[in-house]
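Working notes for the structure below.
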Amino acid sequence: MKYRHPYEELGLGPNAGAGSRKHVIATGTWRAFKPVVDTEKCTRCGLCETYCPDGTIKKTDEGAVVDYAYCKGCGVCANECRVRAIEMVRETD
Ligand code: SF4
Ligand code: SF4
0 MKYRHPYEEL GLGPNAGAGS RKHVIATGTW RAFKPVVDTE KCTRCGLCET YCPDGTIKKT
60 DEGAVVDYAY CKGCGVCANE CRVRAIEMVR ETD
């Protein structure tokens, strides 16, 4: 059965109020660091998805996947990951 985020049941996104996903223009361009997932370490627990304030990381069968078009690079996902599967890497020009 396909995993459904609790917010999906409510018909809301984690950022329902701010609604960055409703905008057409990607908002990840000001990011200084980006989260990079080590899919070997990732246990598919979904904590990063639960805590991401922007709804831009999703748990999949292949590991957590980041939507870099909208990720702000805040690092919350990396901080919450219990197995340190997410590394914050500096963006390069
Ligand atoms: S919190 Fe860490 S282990 Fe859990 S799904 Fe996210 S990247 Fe994978
Ligand atoms: S760095 Fe922040 S915005 Fe980007 S996926 Fe992680 S928690 Fe979400």
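In terms of numbering that gives the first Met the number 0, the sequence shown opens at residue 0 and continues consecutively. Using N, Cα and C, we set each Cβ at its ideal position, and we do this for glycine too. None of these values were measured; they are calculated from a predicted model.
Proximity to residue i [Cα-Cα], best of the options
i	options	result
Cys-44	Cys-51, Val-64, Pro-34, Lys-58	Lys-58
Cys-76	Lys-40, Val-36, Asp-60, Glu-90	Val-36
Local Cβ density within 10 Å of residue i, reported as buried at 16 or more and exposed below that
i	result
Glu-90	exposed
Pro-52	exposed
Cβ-Cβ separation, residue j to residue i (assumed contact under 8 Å), whole Å
i	j	result
Ala-84	Lys-40	4 Å
Length of the line joining the Cα atoms of residue i and residue j
i	j	result
Glu-79	Glu-61	19 Å
Val-82	Cys-73	18 Å
Cys-70	Thr-42	21 Å
Val-64	Thr-28	18 Å
Gly-54	Glu-48	7 Å
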